[in-house]
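**Q** Before I ask anything, here is the structure I am working with.
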Amino acid sequence: MAVVDPVADMLTRIRNAYGAYHTDVAVPTSKMKSSIAGILKEEGYITDYAVEDRGISIKLKYAAGKPLITGLKKVSKPGRRVYVGASDIPRVQNGIGICIVSTSKGLLEGAKAKEANVGGELLCEIW
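Just so you know, the working numbering puts the end of the sequence shown at 120, numbered straight through with nothing missing.
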């Protein structure tokens, strides 16, 4: 069966793996999903990720036995796209979390997109 929203599927797989205290999770491969995994690694939310021919393997990170990611929210959905300007990029959980924005310069974390003065489609929020 085809997946309507691949990014939401990826976030749900990560959320479910954290809920079951798994050490890693596999998601199907795409350029956008590997970019999201790269941002999560860069921001310290996951330990590592590896792009393989069959999928992306993501190593999850725990602190004192608790999941590092407590919440994932897909903002822009297939039925309702959400676009933001550079000045309108939101702070997630009062600066505790991050948002991922799809810009003309590729996928960027919200603060970096604001710094580069580019807006775009607000994909998701992670805290």
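Glycine included, each C-beta is placed from N, C-alpha and C at the ideal position.
Alpha carbons only, please: which of 39, 91, 117 is nearest the one belonging to residue 68?
**A** Here residue 68 refers to the residue found at position 75 of the sequence shown. For the residues 39, 91, 117, the minimum Cα distance to residue 68 belongs to 117.
**Q** Grab me the residues of residue 86's own chain with a C-beta within less than 7 Å of its C-beta, minus the 5 sequence neighbours each way, in chain order.
**A** Here residue 86 is taken as the residue at index 93 of the sequence shown, counted from 1. Within the same chain, residue 86 has close Cβ partners 120.
**Q** When every heavy atom of the ligand ZN is checked, does at least one fall within less than 7 Å of the C-beta of residue 92?
**A** This structure lacks the ligand ZN, and indeed carries no ligand of any kind.
**Q** For a test of the three-state rule: what should DSSP assign to residue 2, helix, strand or coil?
**A** The count along the sequence shown starts at 1 and reaches residue 2 at position 9. Residue state, collapsed to three classes: helix.
**Q** Give the range of the alpha helix (DSSP H) segment to which residue 67 is assigned.
**A** Numbered from 1 along the sequence shown, position 74 holds the residue referred to as residue 67. That residue, residue 67, is in no alpha helix (DSSP H); its beta strand (DSSP E) goes 65 to 67.
**Q** Does DSSP classify residue 85 as helix, strand or coil?
**A** Residue mapping note: residue 85 aligns to position 92 of the sequence shown, counting from 1. It is helical.
**Q** Could you pull the start and end residues of the alpha helix (DSSP H) that residue 112 belongs to?
**A** The count along the sequence shown starts at 1 and reaches residue 112 at position 119. That residue, residue 112, is in no alpha helix (DSSP H); it is neither H nor E in DSSP.
**Q** For residue 154, which residues from the same chain have a beta carbon less than 6 Å from its beta carbon, with the 5 sequence-adjacent residues on both sides left out?
**A** Beyond the ends of the chain as shown, which are -6 and 120, falls residue 154; an answer cannot be given.
**Q** If I measure Cβ to Cβ from residue 8 and keep anything under 6 Å in the same chain, skipping five residues before and after, which residues do I get?
**A** Counted from its first residue, the sequence shown places residue 8 at position 15. Contacts found: 65.
**Q** If you follow the alpha helix (DSSP H) that residue 31 is part of, which residue opens it and which one closes it?
**A** Here residue 31 corresponds to residue number 38 of the sequence shown, with the count starting at 1. Taken as a continuous stretch (DSSP letters only), the alpha helix (DSSP H) holding residue 31 covers 24 to 35.
**Q** Could you tell me if residue 103 is buried or exposed, where buried requires 16 or more neighbouring beta carbons within 10 angstroms of its beta carbon?
**A** On the sequence shown, position 110 is the one that residue 103 refers to. That one is buried.
**Q** Using DSSP with H/G/I as helix, E/B as strand and the rest coil, what is residue 97?
**A** The count along the sequence shown starts at 1 and reaches residue 97 at position 104. If DSSP states are grouped into helix, strand and coil, residue 97 belongs with coil.
**Q** Name the residue from 52, 1, 16, 97 whose alpha carbon lies nearest to the alpha carbon of residue 31.
**A** If you number the sequence shown from 1, residue 31 lands on position 38. Closest option to residue 31, Cα to Cα, is 52.
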